[in-house]
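Below is one structure, written out as structure tokens; the observations come after it.
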Amino acid sequence: MNQNKVIGLTGSISTGKSQISNYLKSKGLKLIDTDKIARDVVDIPEVVDKIKSQFGDNLYLSGRLDRKKLASIIFNDDNSREKLNEITHPEIYKIILEEIKNSNEIVFVDIPLLFENSELNERFGLKFDEIWVVYVDRETQVKRLMIRDNIDREYAEKKIDSQIPIERKKELADVIIDNRFDLDFTIKQVDDNLKRLKDEN
């Protein structure tokens, strides 16, 4: 029987989730990067065949997907986007679940849109023992995003508003990693929770 403890790691744009992911990896912990899986899945032969069949052979140039061309097809076409999701989502979740199954330790699943994708997680059987949310308040989020992407406040707020509000995610979390202050403060929270998890295991 699988004794893994599966931790969903999420946050919102510019809350610093990647910082936590990198720290967990540096500690030698198992971390599944769902963004990377989603990027790589389009190179799996069965997926390539399905994408070609749905959208045309010319999307693959020298064996590599022309991501810009595909993006232009699905950008303003909900039907095409849905077709692509029908092709890729089962494979993405299959890989995630396989990686979890093949690990005998605490497993972190880095999933940026964890709450936004809750229906998909449920449909494909991805369950979490705990959900960790990397948190900063909205104003900090806006300021960091403006600096990070060199954009104005209006555009930063528009990008942030495309996701579930961070305060709502905070309410839904089992563990909150408060990333508003210095790195030492953040890392101490991570370490304390890692110790608790290992003690519980």
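All the letters of the sequence shown, read from the start, carry residue numbers 250 to 450 under the working numbering. Even glycine gets a Cβ: it sits at the ideal position worked out from N, Cα and C. The model shown is predicted, which means the values in this text are computed figures rather than measured ones.
Through-space distance from Q268 to T389, alpha-carbon basis: Residue mapping note: residue 389 aligns to position 140 of the sequence shown, counting from 1. Residue mapping note: residue 268 aligns to position 19 of the sequence shown, counting from 1. Rounded to the nearest angstrom, the two C-alpha atoms are 16 Å apart.
Close beta carbons around I425, own chain, < 7 Å, minus the five adjacent residues each side: Working through the sequence shown from its first residue, we reach residue 425 at position 176. Closer than 7 Å at Cβ, skipping near neighbours: V382, Y384, K419.
Contiguous beta strand (DSSP E) assignments of at least 3 residues, all confined to the segment 277-337: The DSSP assignment places 279-282 as complete runs of the beta strand (DSSP E) inside the segment 277-337, in order along the chain (cut-off: 3 residues).
Proximity of V290 and E340 at Cβ, strictly below 7 Å: In the sequence shown, the residue the question calls residue 290 occupies position 41. In the sequence shown, the residue the question calls residue 340 occupies position 91. Result yes, Cβ atoms of V290 and E340 sit closer than 7 Å.
Where the alpha helix (DSSP H) containing K437 begins and where it ends: As a first step, residue 437 must be located in the sequence shown, where it is residue number 188. Counting along the chain, the alpha helix (DSSP H) containing K437 begins and ends at 432-449.
Where S261 falls, given that 16 or more other Cβ within 10 Å makes a residue buried: Numbered from 1 along the sequence shown, position 12 holds the residue referred to as residue 261. With a threshold of 16 other beta carbon atoms within 10 Å, S261 meets it and is buried.
CB contact flag (F377, G257, <7 Å): For this step, residue 377 is matched to residue 128 along the sequence shown. For this step, residue 257 is matched to residue 8 along the sequence shown. Result yes, Cβ atoms of F377 and G257 sit closer than 7 Å.
Distance, R316 Cα to N325 Cα: Locating residue 325 in the sequence shown gives position 76, where the first residue counts as 1. Locating residue 316 in the sequence shown gives position 67, where the first residue counts as 1. If you draw a straight line from the Cα of N325 to the Cα of R316, it is about 15 Å long.
Closest residue to R387 among N450, G265, E416 (Cα-Cα distance): Numbered from its first residue, the sequence shown carries residue 387 at position 138. Closest by alpha carbon: E416.
Residues that DSSP places opposite L258 in a beta bridge: On the sequence shown, residue 258 is found 9 positions in, with the first residue counted as 1. Looking at the DSSP assignment, L258 forms a beta bridge with D359, W381.
First through last residue of the beta strand (DSSP E) which encompasses I425: Here residue 425 refers to the residue found at position 176 of the sequence shown. Run containing I425: 424-427, per the beta strand (DSSP E) assignment.
Alpha-carbon spacing of N251 relative to S352, whole angstroms: Locating residue 251 in the sequence shown gives position 2, counting from the first residue. Locating residue 352 in the sequence shown gives position 103, counting from the first residue. In this prediction, N251 scores a pLDDT of 44, lower than 50, which makes its location untrustworthy; the coordinate-derived value is nonetheless stated afterwards. Spanning the two alpha carbons is a distance of roughly 9 Å.
is_contact[K332, chain D] using C-beta, thresh 7 Å: Among the chains in the structure shown there is no chain D, since it carries only a single protein chain.
Under 7 Å between C-beta atoms of I355 and K254: Position 106 of the sequence shown, counted from the first residue, corresponds to residue 355. Position 5 of the sequence shown, counted from the first residue, corresponds to residue 254. For I355 and K254, yes; Cβs fall inside 7 Å.
Contacts around L346, its chain only, beta-carbon distance under 8 Å, and the 5 residues preceding and following it disregarded: Here residue 346 is taken as the residue at index 97 of the sequence shown, counted from 1. Sequence-distant partners of L346 (beyond 5 residues in either direction) whose C-beta falls short of 8 Å from its own C-beta, in its chain, are F373, G374, L375.
C-alpha distance - K276 paired with S270, whole-angstrom precision: Looking up residue 276 in the sequence shown gives position 27. Looking up residue 270 in the sequence shown gives position 21. So the two alpha carbons sit approximately 10 Å from each other.
Neighbour-count burial assignment, D359, 16 or more Cβ in a 10 Å radius: In the sequence shown, residue 359 corresponds to position 110, counting from 1. The residue is buried, with at least 16 neighbouring Cβ atoms inside 10 Å.
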